[in-house]
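The numbering of the sequence shown is this note's numbering, which starts it at 1001 and goes up by one. Heads up, the beta-carbon is just placed ideally off N, CA and C, and yes, glycines get one too. Below: one structure, written as structure tokens.
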Amino acid sequence: MSNYLLMNVDEFISILDTRLNKALSRANQTVSTPVNKVLTLKEAAEYCKIPVPTFRQYLGSNLIKGSKIGKTWRFYKNDLDGFIQSYQCKTKEDIDKEIDNLLSNRK
């Protein structure tokens, strides 16, 4: 017994087209939403909204994480987000809570 499926060319093209479109849409979703995008030095400085020379100073002071590959630097967006958050100003309430926690731990 043989396993042949009979269909005309139009049906075959339609099925093939549907499956290709599904596969391509899944591939585009994966590419368009990277988990942790890698940026060049210039892109990273633009992302942080600071001039490149200032960015290089932070990098030289080890305040920004980066990877040097050959002669070029690469940066993860997540690391840059952490750098920006480290400069976030605290509110008076946050400072009061920290003081209360420190004082309560001394007892």
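Note on geometry: alpha-carbon atoms of Y1058 and I1064 lie some 6 Å from one another. Around G1066, the same chain offers L1059, W1073, R1074 and F1075 as residues with beta carbons nearer than 7 Å, after the five sequence neighbours per side are excluded. Contact between K1077 and K1037 holds: their C-beta atoms lie close to 5 Å from each other, under 8 Å. For L1102, the enclosing alpha helix (DSSP H) begins and ends at K1092 to R1106.
Between R1019 and I1084, the alpha-carbon positions lie close to 43 Å from each other. Following the DSSP letters along the chain, one finds I1069 inside the beta strand (DSSP E) bounded by residues S1067 to I1069.
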